[in-house]
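**Q**
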Ligand code: ADP
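Numbering (this note's numbering), first residue to last: 986 to 1180.
(1) I'd like to know whether the C-beta atoms of residue 1165 and residue 1099 end up nearer to each other than 8 Å.
(2) So, at 8 Å on beta carbons, what are the nonlocal neighbours of residue 1092 in its own chain, with the 5 sequence-adjacent residues on each side left out?
(3) What are the uninterrupted segments assigned as alpha helix (DSSP H) that are 4 or more residues long and contained completely in the region 1125-1152, given in chain order?
(4) Could you check whether the Cβ of residue 1077 sits closer than 7 Å to any heavy atom belonging to the ligand ADP?
(5) Pairing CB atoms from the region 1034-1052 with CB atoms from the region 1097-1115, are three or more of them under 8 Å?
(6) Would a C-beta distance cut-off of 8 Å place residue 1039 and residue 1024 closer than the cut-off?
(7) Taking one C-beta from the region 1075-1092 and one from the region 1025-1037 each time, how about it: are there three or more such pairs within less than 8 Å?
(8) Nearest to residue 1067 by CA position, among 1032, 1007, 1113 and 990, is which residue?
(9) Report, in whole angstroms, the separation of the C-beta atoms of residue 994 and residue 1086, which I expect to be a contact under 8 Å.
(10) My assumption, with CB atoms under 8 Å, is that residue 1172 sits in contact with residue 1097. Please give the rounded CB distance.
(11) Compute the minimum distance between the beta carbon of residue 1047 and the heavy atoms of the ligand ADP, and state whether it is under 7 Å.
(12) Determine the direct distance from the alpha carbon of residue 1178 to that of residue 1120, and round the result to whole angstroms.
(13) Between the Cα of residue 1042 and those of 1010, 1011, 1133 and 1022, spot the shortest distance and give me the residue it belongs to.
(14) Closer than 8 Å by C-beta to residue 1018: which residues in its own chain qualify, once you throw out the five before and the five after it? Chain order, please.
(15) What number of angstroms, rounded off, separates the C-alpha of residue 1012 from the C-alpha of residue 1133?
See the structure below:
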């Protein structure tokens, strides 16, 4: 594999997507792009777009597509960022974001979208234990609702493109990481070999 893999991780809030994205990025030596983390960091640095995003995040709402897309477009403005591979975590979260991503990537399409699957009752328990600022009970409920409405349809979107794989996210983090890395290695080798 010359370039690193280009992956999207889908999964409910609390599915362990952030942890696994970080482990995968380390394993494949590619960048980890978490839109949620970018917003949290820019809000703490008092950057206006970050503060605007925070107002939505604190209510458990999605940040509007224009704000999210501006961040991603800026990050991918340099084609090298795309070519060397990446793990997208928390993006795309809506169909317009997913369509825009296809266009941004253009000649370097995604290799795979992985649905890290964890039942709702398990994620609610994990989120309540984590105690991040936006993890109130109402915030969690609202984000899970929005996941079903806006993000879960992306599973079918990527399935239709032949890019979807599902991985059980309920085991130990190391075991899930191993399933993910071997899946990605198999899939990406096969894809690149077919080109
Ligand atoms: P979680 O997976 O627990 O929701 P994230 O860090 O991925 O954590 O996201 C935190 C919040 O940031 C979301 O609830 C949402 O308000 C906002 N956010 C992050 N990424 C996006 C996105 N792609 N589109 C819209 N809002 C986003």
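From the three backbone atoms N, C-alpha and C, an ideal C-beta is built for every residue, glycine too.
This structure is a prediction, so every number in the text was calculated from the model and none was measured.
**A** Let me spell this out:
(1) Yes, Cβ-Cβ distance for residue 1165 and residue 1099 is below 8 Å.
(2) Excluding sequence neighbours, residue 1092 sits near nothing in its chain.
(3) As far as the region 1125-1152 is concerned, its whole alpha helix (DSSP H) runs of at least 4 residues are 1138-1145.
(4) Correct: residue 1077 has its Cβ closer than 7 Å to the ligand ADP.
(5) The region 1034-1052, when compared against the region 1097-1115, does not touch it at the 8 Å Cβ threshold.
(6) Their beta carbons are under 8 Å apart, which means residue 1039 touches residue 1024 by this criterion.
(7) As far as the Cβ criterion goes, the region 1075-1092 does not touch the region 1025-1037, which means the pair count is below three.
(8) Considering only alpha carbons, the answer is 990.
(9) That pair is no contact at about 13 Å.
(10) Right, their Cβ atoms sit about 5 Å apart.
(11) In this structure, residue 1047 has its CB closer than 7 Å to one or more heavy atoms of the ligand ADP.
(12) Going by the C-alpha atoms only, they are around 43 Å apart.
(13) Residue 1042 has its Cα closest to that of 1022, out of 1010, 1011, 1133 and 1022.
(14) The residues are 1057, 1060, 1071, 1072, 1073, 1074 and 1076.
(15) Answer to the nearest angstrom: the Cα atoms are 30 Å apart.
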